[in-house]
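The numbering of the sequence shown is our numbering, which starts it at 2 and goes up by one. Backbone N, C-alpha and C fix where the C-beta goes; we use that ideal spot for every residue, glycine too.
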Amino acid sequence: MSFLRNIVAAVSVLPVFLHLCAAYWLMAANNIITTQRIDPVVSPGSVATHVHSVLGGSNFGLNTSTAVLRNSSCTSIPIPEDKSNYWFPQMYFQCVTLNTQFTTAFQLPVLTDGPTAPSRVLAATLSYYLFNDTPGYTTEFPDDFRMISGDPTLRTLDPSSFAQQAITFLCLDFNGKSNRYNELPLGISCPSGIRSQINFPSCWNGNDTDSSDHKSHVAFLSTGPDNGTCTDPNFPVTLPRIFMEVYWISQVFEDQRKSAMTPSQPFVFANGDPTGYGYHADFFNGWDSGVLQKALNGCNCNPYGDATCCVNQGIFGMNTSSTCYITNSVDEQTLGTLATLPGANPIQAPCYQQYFDPTTPAILSPVYTYNGTVGGPTGTVVIPAQTALATQTADGSCIRKGGAESSRRPSRLVSCIYGGLVVVVGSRLL
């Protein structure tokens, strides 16, 4: 597939990283396991506020643990020993329409696998694991370790913040120059799509596997999110650095750009963020015990990232042909043509006001795992949909205004949200 060949070429950024590391391996993850409103780090046991697309072990759910993830029946990561979960907010295209029939009939075939699975995101993934090859220098993630990078409530940039420096966007042009931004590219089209990039903190306090904000137990490197060492005595332990890249095939919407709510930047993340400053990602460790440490200590046999040498050493396995999907736990549509963002998240810029959807979808159980193009049975309702007694209207100075958009959430369909952008995801560990 020519697009994937171009993606591989586009991520050949090894000279940038070679001064930071002495070893790495490259792999192409197989698929996204689910796209729904679940976040066991920020919202354990309940429906999350916004939609995420998820990679990794099939035991992802409303609650999880390292032990639970290790018992996953499959993983979308080609290294079978990595059943961790990695997730990030889904991107949507927001359009304006005066014809409701158009919103129900309009389809972009590239957005789904076809009529047999209309709600599945097409995805291909690239992952790099980069690290210092000195044995014992880098420590594997402990059991039940989890963290989040980024802040979904941000709508403005603080250029001095390492946490915000950790997030960038590339406007891709495979036939020209790709440019990097701190926000979603505004006022320009990206001929080869948009790539969102995020670093996770890689310095740990050595004690806590989580913290109240899911960030305070970790810190960024001394001189930035992708450079330096763990010199802060409060965070002395060096962890693998996760760098996640998501390739959004946004160029397929160029013909619909004139119908966008905001043609200069028609895309919005699931948390209601049209700026990109609120981009974020989560990680929950599910590596088999000891495997990652062996890889960090000994998988430095190929200077070009070929993971085969690690496989040949017996450090971990590799399966690039299998797929792994799970059925929904939250009973709602998250992909396709939607009237509003799932969770009724208001699209807010240039500031943020907290908003809670008064309705909660039903919870389904059990969750089934499948690896074909068509899922098997789905769970049944175990917790019915609920509506809060007090309702809340999304109305305020942070609701993005302009064009046909109102400052108050409309009660009838005046806009459509196209979900399910094709994504290509990459992650690196350094």
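Beta-carbon proximity check, residue i vs residue j, cutoff 9 Å
i    : j    : result
S74  : S85  : no
N206 : H218 : yes
V253 : D332 : no
P41  : L63  : yes
P399 : A350 : Per the sequence presented here, residue 399 reads as Cys, with Pro not at that position. Yes. Within cutoff.
T361 : T338 : no
N208 : H51  : no
G151 : G279 : yes
I364 : V48  : yes
Alpha-carbon spacing of residue i relative to residue j, whole angstroms
i    : j    : result
F270 : G277 : 8 Å
A30  : G177 : 27 Å
T321 : N32  : 10 Å
G404 : I348 : Residue placement at G404 is flagged as unreliable, the pLDDT there being 35, under the threshold of 50; the coordinate-derived value follows with that caveat. Using only the alpha carbons, I get a separation of about 14 Å.
S366 : I384 : 9 Å
D1   : P267 : This structure cannot settle anything about residue 1, because the visible part of the chain is limited to 2 through 431.
T140 : T65  : 22 Å
N329 : Y371 : 12 Å
S161 : P226 : 12 Å
Q334 : Q37  : 8 Å
G46  : E184 : 32 Å
G229 : A220 : 12 Å
N200 : V247 : 12 Å
L240 : E82  : 18 Å
A68  : P378 : 26 Å
Y356 : P153 : 12 Å
S77  : I34  : 7 Å
C231 : F284 : 20 Å
C191 : P234 : 43 Å
I250 : Q95  : 15 Å
S213 : Y138 : 28 Å
L70  : Y326 : 14 Å
N298 : Y182 : 35 Å
L187 : N180 : 12 Å
G380 : V368 : 6 Å
D174 : M262 : 24 Å
G318 : D134 : 20 Å
S197 : N72  : 31 Å
D307 : P343 : 40 Å
S223 : A386 : 47 Å
S408 : S265 : Low confidence applies here, because S408 scores a pLDDT of 29, under 50, leaving its location unreliable; read the following figure in that light. Between S408 and S265, the C-alpha separation is close to 19 Å.
D159 : G373 : 44 Å
T324 : F61  : 15 Å
R258 : Q294 : 47 Å
S193 : I39  : 30 Å
I189 : G397 : 28 Å
Residues that residue i bridges to, as DSSP identifies them
i    : result
R195 : The question names Arg, yet the displayed sequence has Ile at residue 195. C172 and W249.
G225 : Paired residue(s): none; G225 is not in a bridge.
T335 : DSSP output for T335 lists no bridge partner at all.
Q349 : I400
A261 : C96
Y138 : Bridge partners of Y138: none, in fact.
F201 : In the DSSP output, where bridge partners are listed per residue, F201 has none listed.
L56  : Y87
Q157 : Gln is not the amino acid found at residue 157; the sequence shown has Thr there. Partner(s): none; T157 has no beta bridge.
N272 : N272 pairs with nothing; no bridge assigned.
Nearest neighbour of residue i, chosen from the options [CA to CA]
i    : options                   : result
I1   : Q387, T224, P343 and G57  : Because the chain here runs from 2 to 431, residue 1 falls outside it and cannot be looked at.
I149 : N235, P234 and A282       : A282
Y353 : I34, T157, V48 and V52    : T157
D144 : N286, I400 and H51        : N286
P359 : N372, L187, V368 and A345 : A345
P202 : R71, F142, C191 and G315  : F142
I195 : P153, T263 and Y93        : Y93
I243 : T135, T76, Y87 and P343   : Y87
T341 : D134, V97 and M319        : V97
L155 : S223, D274 and Q198       : D274
P136 : F146, A296, S193 and F61  : A296
R147 : C204, Q294, D174 and T210 : T210
V55  : V238, S260 and M245       : M245
C204 : I39, K259, P237 and D159  : P237
Closer than 9 Å to chain C by CB, residue i
i    : result
N176 : No chain C appears in this structure, which consists of one protein chain only.
> Given 8 Å as the limit, is there contact between the region 284-297 and the region 164-184, that is, 3 or more CB pairs closer than that?
Replying inline: Output reads no: the region 164-184 does not touch the region 284-297.
> Would you call the region 154-165 and the region 307-315 touching, i.e. three or more CB-CB distances under 8 Å?
Replying inline: Look at the beta carbons and you see the region 154-165 not touching the region 307-315: under three pairs across the two are nearer than 8 Å.
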